[in-house]
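Asks: With the first letter of the sequence shown counted as 1, position 52 gets the number 52 in full-length UniProt numbering; the numbers rise by one all the way through. All residues carry an ideal CB built from backbone N, CA and C; glycine is no exception. I am attaching a structure below and will ask some questions about it afterwards.
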Amino acid sequence: MVTPTLKAIHHRADTSPLEMDILPYVRERDSTSAVLAKQYNDLQQTWNDLSEVQSKTLHISRDNVAMTSELLELAEAANHRKFGTSTGSELEMEMEQARQEVKESRQRWKVIKGTLSAVIVGSGIAWAQDQDLLEMVLDPEENE
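Next comes the structure, spelled out in C-alpha cells:
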C-alpha cells in the first residue's frame, strides 16, 4: 500500500493510472486528519477551560461558606447586643437556631464538595496535574 501511495504523490513516470487514482483519496485523508487534529486541540482547550472554571467555582464556594459563617456569627453578636433585654431562654433558642443553621450549611458544603470532587475525578480531567483541582479533590475538611 505504501509504494502505490508514494508513486501517486510524487508523480513518478512509472506510476500506473490505478495508482494515480488513489491520489485524491490520499489528499482527502490528509485534510481530514488535519481537521481532526484541530478539533482535538479545540476539545482539549475546552477541557482545560472547564477545569479552570470548576477550580474557581470551588474556591468561590469555599469563600462563600466562610463568609456566611462569619456573617452568622456577626448577626448573632449584633442580635445579642440589640436584644440584650431578651430573656435567657429566648436568646438560647436564637443561638441554638443559628447553630443549627451553621451545622446545616456545613453539611450542605460537605455534600457539594464531595460531589464536585467526584465529578472532577470521574470526568477524565487530568486533575492531578492541576494544582487547584488537586487541592479541591484531596483537601481534607477544615472544620471536622
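Tell me whether S16 sits in a helix, a strand or coil according to DSSP, three-state version.
Replies: coil
Asks: Classify L74: buried if its beta carbon has 16 or more other beta carbons within 10 angstroms, exposed otherwise.
Replies: exposed
Asks: Would you mind sorting L138 into buried or exposed? The rule is 16 or more other CB atoms within 10 Å of its CB.
Replies: exposed
Asks: Provide the residue span of the alpha helix (DSSP H) that contains Q131, from first to last.
Replies: Q131 to L138
Asks: For Q131, is the classification buried or exposed, using 16 other Cβ atoms within 10 angstroms of its Cβ as the cut-off for buried?
Replies: exposed
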